[in-house]
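Okay, so here's the structure we're looking at.
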Amino acid sequence: MEAELNRFAEEAAEKIAQCRTPNDILNARAQFLGKKSMLNGLFARLRELPAEQRPAFGQLINTARGKLESLLASREQEIKSAAWEAQAAVDFDSSMPGYSWQRGSFHPVSIIRRQIEDVFLGMGFEIAEGPEIEDEFHNFDALNTPDDHPSRNLADTFYLESGKLLRTQTSTVQIRVMESFKPPIRIISPGRCYRNDKPDPSHSPVFQQVEALVVDRGISMSDLQDTLQNFARAMFGPQVKSRIRPHFFPFTEPSAEMDISCVNCSGAGCRVCKNSGWLEMGGAGMVDPAVFKMVGIDPEIYTGFAFGLGIERIAMLKYDIPDMRILFENDIRMLAQFKGESL
Amino acid sequence: MIISRNWLAKYVPLEMDDDALNQALTFSGIEVEAIDHIPALPPEVVTARIISAEKLEDSEHLTLCMVDIGDGSEPRQVVCGAPNCSAGMVSVLALPGAVLGELTIKSARLRGVESHGMLCSERELGISEDHAGIIRLPEDTPLGKSVNELYELPDTIFEVEITPNRPDLLGYEGIARDLSAALNLPLYIKEPQPVPGVDSDAIGLSLSIVEPQLCPRYTARLLADIKLADSPLWLKTALIKSGMRPINNVVDITNYVMLETGHPLHAFDYDLLQGETEDAAHPSIIVRRAKDKEKFMALDGNEYELDGQDLVIADGKNAGALAGVIGGKQTAISDATKRVVLESAAFQPQTVRRSSYNHKVSTDSSYRFERHQSPEMAARTSLRATQLLVELAGAMVIGDLYDAYPQPVQRWMVALRKSRISLLIGYEMAEAKVKEYLGNLGLEYVKDGAWQEELLHDASEIKECDISSKCEAAMWFAIPPKRVDLLREVDLIEELARLDGYHKVPVKTPPSIIMDKHAYRIRNQVLDYLVGIGFYETLNYSFNDPAQLQLLGIDPQENTHKLINPQSGNQALMRISLLPQLLDNLRYNLNHGERNLKLMELARLYPADQNVEPLHCTALVTGQLRAGHWQNPGRQINFFDIKGMVTGLLELLDLPGTKMEPLAKSWLSQTRNLAWFIEDKPVAQIGALQPAIADKFGIDLSQLRQELWVIELDVHLLTEISRNRKRTFVPLPRFPSVSRDLSFVVANHISWEHIYRLVKGVDEYLISNVEIFDEYRGKQVPEGLRSLSLRLILQDKEKTLTDNRIDALVDSVIKELAEECKIQLR
Ligand SMILES: [Zn+2]
């Protein structure tokens, strides 16, 4: 009888595996597990066995029934999945275009500005903004610019009928912050600046700058180097080197020009860097004690550094944009190229 | 851990109030999780003896008692419901007039019998949660006495969290030592005095440690002549206030000493311990690993199946305790106990943790041993408990302490550099202060010497540090053995910083206030949102062309900053509108063949009459909503698309329900025009650009057959208005909402907004929302009318809405609409 059961179970399993439709499953269930199935028949024949063997064999029948039930269930599931898949496959072409939300794009100058802000925020700087329409004091006097300095000319600086002027650099914000807040100060001030330059591939009367200012006890040129190096790496990649070399600005002492190793040729020399291997990034230096005195900070206690960067210049370098004027055309064929640039 | 202020005050004078004590605990690193004040009881609550107690007729559980309060007056008749109420018992009676919390005791009749007062349980007095029966006081308690004295009331119970690195704080003495060190207060911790034992041959013990790694020290003290009884009230009170149940004097003393010292103890019934063989002279205590599948019946009534990882304290035959975790039932103290083995030991924390975790049994003992108790404390703790057992249980000490301590912990010394302290905590601490703080913690200053990282065990090993040798000067401190957490220089510095107060650590950089983070966030949000819905950001010079302003109908002379030296006439003004250049940008791109354009600029304006340069955003939209797609043919952008763009932004900025109405602009349509007002200021506007204006900018809309939509956002105002916005969570409705639809015909001139307010106004509370889901004008609707379909969302926050209420509500809505708008239901 046990052999009979085993044979039956094997056959049934085979038949179940051959089921192709939900209907096959229905039939198989009736055939193997239904009232008139052989399994039920075996139950009826339990009486033929000696009493002591009955429970054990009853158990065997139940196990076989359980196995067949689970085989049927899993085969049924397979058949359903196959049907679902087959139905979806009819006339389905996954290569047809998707229905996109059609994102716009940020202006590349905005992208660079936000990236720079992000780098400095990450270094613990704060962002400070100030007015673009400024007075001579904040734009020149407080920055230690001599009265007869050429930058004060109408040829260099835009003046308004009200007697005010358009700031020529965001250093004005440094002065405003130092007037209102005590050190330690760690700020950057991004924003629009104005110089009376005719638009050409590398000039624009309206441009954006980021100034950084750090004032605290014990700030040295070494901190300037650190910050600059961190910034250059964050913006242009870990391989980029930075350096400072002597220069002159009225509001810093010592003053410096900052360079980064050419992002185009990695310092080997090329068209972009005019074969020097270095790219000029902007001016820097240690805040002149005269500037500190102007805003009431004791230069004996505090020292600080400042530097300024042109945002358009960085954008042009990063994206290989050859002419600054392109940035102001607002051609969406240009703008659309920056859809994938995140802020 | 639960600590009573009064108990703590026995070791350290606590002059400060509870708040100050809370502060002091918190700042010395003991987190206070809850404070519970137990108030003093009124004078009407006194000790009393129940002279007689008889079951009250007709009642299952009431007892009629005659109670004596010892003032010579007649006994008082009191009805009591407690099961343990019996004649002769001394308990606590609250006399009429006593106020217990919210309950005022009055004379009353219960089942027709007068009752003049209430016999109290501990819970009724607010002492503990015990409400099983009335309080049973020792028979010799003086009667008529205020209960405050007996229970040391008032008191304050602090529930504190001890961090796992501070096993020394797991007892009152440790906390007191820390407070005394932090607050520079005297410390009253007495060293227990040796109790001489009586020699006896009749009683002895065979003690062995099989696993010295897992049990570095085991001490056992034999005590005879134990008079097992209830503990005195002060001891009971102390335990109750610390959250433990009194059991009997022997068990209570082990618990009391554990709470006091932090070091757990255990007591075995000596006479239930077996020897290794039948004829052994003495019973055994063997510290060994459990046998695999060894059965152990614990005090909690559960049987545990142990394995070879568990450490047990066994007698000659069976496991008598799961080491450091829980005692066994077989050898437990019982009423019959006469002789006791008092265990005071130290166990490897990992072993205790593992057994506790594996068998899911956590006890006050395992809690402490898991956190590491020093073997050095075992003997002292044993002595303290012995003292109390002699005092309170009449115990006789037999012989000397059995002390298995194969490898005594060597005293260790740590070097501390002064320079390192200031480097780590940021300020200088005077040497005297350092020595004082550490001295208060029980550290002993040994001498100055050369710094080294490694611990030393002998003062003679400390090297001299003179100027010539290359060394760093350090102070060497010997650590009290119970401070198992002090092993490195930095551990000592932590103690110093903690005791001196973290508030003394100077803030190097004052909190910054320079950056306007809110403005920064709003600016980015606006830009991100617009780019996200398809806008291209443009960048233009900050100038306006006076001629272009005039084309828009704006007077270029008014409210503008004029440049003295512009590069050209069309850059003569500082910008007061972003629109002209955006129109230029649009034309430029149309000329390049683009048809669908969404352009925007986010920039400052420079109106002469304001002293800020307000940030504005202007956007232009024309063409299809989304470019045509093979599945979804495109459609032209309409007014409601634009309106939705602004609504979405205001939602993002969390600026809700604003007033909306058209605002005339010389360049916009008068009808397809809408402005949003917040606090009566226009913050956003949309509208269709007049074709004539577009034409002046070289854009031929009729030829394009497109509308040109303008969005203007005053980002500066949006920033200021949203500045102090705070979101608070509104609890979710617990009852389902119901919706009902209404369709009706209404005159065209009646606005949706008017209808919305009307409907909502019927019941602002129950009508949670009104949505419009259809508008129809056409054949079936007469000229000048439109058909609207509304969905009312109804919800009551308190209960489920019944059909009756819903119908009544809908009827009121229809009535209101019929009267005000002359609607006709469809
Ligand atoms: Zn190069």
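Going down the list, the sequences are from chains A and B. Here the first sequence is numbered in my numbering, starting from 27 and rising by one per residue. Here the second sequence is numbered in my numbering, starting from 751 and rising by one per residue. A virtual CB, placed ideally from N, CA and C, is assigned to each residue, including glycine.
Cut-off 6 Å between Cβ atoms - residues of its own chain near residue i, not counting five sequence neighbours on either side
i: S197 (chain A); result: L169 and E237
i: H1109 (chain B); result: Y1054
i: F1389 (chain B); result: R1422
i: V241 (chain A); result: P209, I211, Y328 and G330
i: T171 (chain A); result: P276
Extent of the continuous beta strand (DSSP E) to which residue i belongs
i: N1519 (chain B); result: I1517 to Y1526
i: A1353 (chain B); result: L1347 to R1354
i: F331 (chain A); result: T329 to G336
i: T1368 (chain B); result: L1365 to T1372
i: K1045 (chain B); result: K1045 to M1047
i: I785 (chain B); result: E781 to I788
i: F1390 (chain B); result: Note, F1390 (chain B): premise wrong, no beta strand (DSSP E); alpha helix (DSSP H) at F1389 to L1402.
i: S1094 (chain B); result: V1090 to A1096
i: F275 (chain A); result: S268 to F275
i: Q235 (chain A); result: V232 to D242
Proximal residues of chain B, C-beta to C-beta of residue i below 9 Å
i: G336 (chain A); result: Those do not exist, as G336 (chain A) stays about 14 Å from chain B at its closest Cβ, beyond 9 Å.
i: A154 (chain A); result: I1264, M1265 and D1266
i: Y185 (chain A); result: L1313, I1314 and N1315
i: D357 (chain A); result: N1335, Y1338, N1339 and H1342
Span of the alpha helix (DSSP H) around residue i
i: C296 (chain A); result: That residue, C296 (chain A), is in no alpha helix (DSSP H); it is neither H nor E in DSSP.
i: F89 (chain A); result: Checking the displayed sequence, the identity of residue 89 (chain A) turns out to be Thr instead of Phe. Unbroken alpha helix (DSSP H) run through T89 (chain A): R80 to A115.
i: C870 (chain B); result: Run containing C870 (chain B): none; DSSP gives neither H nor E here.
i: K1185 (chain B); result: E1181 to N1190
i: M261 (chain A); result: M247 to F262
i: D1114 (chain B); result: D1114 to E1120
i: R1103 (chain B); result: P1099 to N1108
Min CB distance residue i to chain C below 7 Å
i: V240 (chain A); result: In the structure shown, chain C does not exist; the protein chains are A and B.
Contacting residues, own chain, Cβ-Cβ under 7 Å from residue i (five flanking each side not counted)
i: P1357 (chain B); result: N1309 and I1326
i: S352 (chain A); result: Checking the sequence shown, residue 352 (chain A) turns out to be Ile, not Ser. If we look at I352 (chain A) and ignore the five residues flanking it on each side, its Cβ neighbours are M360.
i: L31 (chain A); result: L68, L86, I87 and A90
i: V232 (chain A); result: R218 and Y220
i: A316 (chain A); result: N170
Beta-carbon contacts of residue i that lie in its chain and below 8 Å, excluding the five residues immediately before and after
i: K1079 (chain B); result: M1047, A1048, L1049 and G1051
i: I1517 (chain B); result: V1509, K1510, L1542, I1543, L1544, L1559 and V1563
i: G12 (chain A); result: Since the first residue shown for chain A is 27 and the last is 369, residue 12 (chain A) is missing from the structure and cannot be characterised.
i: D1430 (chain B); result: K1409
i: L1301 (chain B); result: P1330, I1443, K1446 and F1447
Neighbouring residues, chain A, relative to residue i (Cβ below 9 Å)
i: S1292 (chain B); result: E158, L192, R218, Y220 and V232
7 Å Cβ cut-off: residues of chain A touching residue i
i: L1418 (chain B); result: Within chain A, no residue comes near L1418 (chain B); the closest Cβ sits about 22 Å away, beyond 7 Å.
i: A1444 (chain B); result: Residues of chain A passing the Cβ test: none, with the nearest at roughly 18 Å.
Per-residue contacts from residue i into chain B (C-beta, under 7 Å)
i: V135 (chain A); result: L1289
Listed by chain order, chain A residues near residue i by CB distance under 8 Å
i: V1281 (chain B); result: R129, G130, S131 and F132
i: E1363 (chain B); result: P157, E158 and I159
i: F1285 (chain B); result: G130
Closer than 8 Å at the beta carbon, the chain B residues around residue i
i: K20 (chain A); result: There is no way to answer for residue 20 (chain A), as the model of chain A reaches only from 27 to 369.
i: V203 (chain A); result: I1264
Which runs of the alpha helix (DSSP H), 4 residues or longer, sit entirely within the stretch 793 to 830 of chain B?
Runs of alpha helix (DSSP H) with 4 or more residues, each lying fully within the stretch 793 to 830 of chain B, are absent.
Residues of the stretch 312 to 330 of chain A with a CB closer than 7 Å to any CB of chain B: list them in chain order, please.
Among the residues of the stretch 312 to 330 of chain A, none has a Cβ less than 7 Å away from any Cβ of chain B.
Length at least 4, wholly inside the stretch 32 to 68 of chain A: the alpha helix (DSSP H) runs in chain order:
DSSP runs (the alpha helix (DSSP H)) wholly in the stretch 32 to 68 of chain A: 48 to 59.
What alpha helix (DSSP H) runs, 4 residues minimum, are completely inside the stretch 1502 to 1572 of chain B?
For the stretch 1502 to 1572 of chain B, the full-length alpha helix (DSSP H) segments reaching 4 residues or more read 1502 to 1512 and 1553 to 1571 along the chain.
Contact residues within the stretch 340 to 353 of chain A, judged by C-beta distance below 8 Å to chain B:
Those would be L353, in chain order.
Continuous beta strand (DSSP E) assignments of at least 3 residues falling wholly in the stretch 1002 to 1036 of chain B:
The stretch 1002 to 1036 of chain B contains these whole beta strand (DSSP E) runs: 1016 to 1019.
If you scan the stretch 1214 to 1278 of chain B from start to end, which runs of the beta strand (DSSP E) of 3 or more residues do you find wholly inside it?
Runs of the beta strand (DSSP E) inside the stretch 1214 to 1278 of chain B: 1223 to 1228.
Any chance you could list the alpha helix (DSSP H) runs of at least 4 consecutive residues sitting entirely within the stretch 904 to 980 of chain B, in chain order?
Segments of the alpha helix (DSSP H) lying fully in the stretch 904 to 980 of chain B: 922 to 933.
Threshold first: 4 residues or longer. Then list the alpha helix (DSSP H) segments lying entirely within the stretch 1423 to 1452 of chain B, N to C.
Runs of the alpha helix (DSSP H) inside the stretch 1423 to 1452 of chain B: 1441 to 1446.
Which runs of the alpha helix (DSSP H) at least 4 residues long sit entirely within the stretch 1147 to 1182 of chain B? Give them in chain order.
Counting only runs of 4 or more, we get 1168 to 1175.
So within the stretch 758 to 783 of chain B, which uninterrupted alpha helix (DSSP H) runs reach at least 4 residues, ignoring any that extend past its ends?
Segments of the alpha helix (DSSP H) lying fully in the stretch 758 to 783 of chain B: 768 to 777.
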